[in-house]
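*Asks:* Here you go, one structure.
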Amino acid sequence: MREIWRIEPTTLSTLPAWRKMRQALWPEMTEEENGNETQALMDKADTFIRIASSAEDRPAGFVEVTLRVDYVNGCVTSPVAFLEGIYVEPWARRQGVARALVDAVEAWAREKGCSELASDALLENAESHRMHAGLGFEETERVVYFRKELVH
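The numbering of the sequence shown is our numbering, which starts it at 59 and goes up by one.
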């Protein structure tokens, strides 16, 4: 039988688990950056952050979504709910956690007047591509970003 996941807003009591999962998703981020970002995200009005927990209160995953009003690749409307990050603990994968989190995101996005939910993933992250497809996302385009440093 599949677990029923509790999806709740981030609170002071879930802050350490959220930060730990963010560090697992973005390991290049320093602890200081993580702390600053989580504080800033909690203070933003148009940000949706939820933690998924098991019936035993074990944190299983999180999602972070923002409303974007600028151009979002592959989208034709504005605002767009943008999936900034989603993470599921390895022990909880393939058990409906991501689905429960994205279902909550979709309800929130509709309330905010969005008709599109967008996301991105690195080109080499095939696991994320499969998860997105499984959640009903369609690939819209592939982009390679370029940079040139300007010498002063």
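Note that CB positions come from ideal geometry on N, CA and C, so glycine has one too.
For clarity, every value in this text was computed on a predicted model and none was experimentally measured.
With a CB to CB cut of under 7 Å and the five nearest residues on each side skipped, what residues in its chain are close to threonine 198?
*Replies:* Excluding positions up to five away in sequence, the list reads Asn131, Gly132.
*Asks:* What residue range is occupied by the uninterrupted beta strand (DSSP E) comprising arginine 108?
*Replies:* Arginine 108 -> beta strand (DSSP E) spans 105 to 111.
*Asks:* Grab me the residues of methionine 59's own chain with a C-beta within less than 6 Å of its C-beta, minus the 5 sequence neighbours each way, in chain order.
*Replies:* Residue confidence is low: methionine 59 scores 46 on pLDDT, short of 50, so the model does not pin down where it sits. Its coordinate-derived value is still stated next. If we look at methionine 59 and ignore the five residues flanking it on each side, it has no Cβ neighbours.
*Asks:* Specify the secondary structure class of alanine 176 as computed by DSSP and reduced to three states.
*Replies:* Three-state result, alanine 176: strand.
*Asks:* Could you tell me which of Glu90, Arg108, Asp104 sits nearest to proline 67, measuring between CA atoms?
*Replies:* The shortest C-alpha separation from proline 67 is found at Arg108.
*Asks:* For valine 138 and glutamate 207, I'd like the C-alpha separation in whole angstroms.
*Replies:* Distance between the alpha carbons of valine 138 and glutamate 207: 31 Å.
*Asks:* Alpha carbon to alpha carbon, how far is arginine 151 from arginine 64? Give it in angstroms, no decimals.
*Replies:* Distance between the alpha carbons of arginine 64 and arginine 151 is about 15 Å.
*Asks:* Measuring only the C-alpha atoms, how far is asparagine 92 from glutamine 81?
*Replies:* Approximately 7 Å, taken between the alpha carbons.
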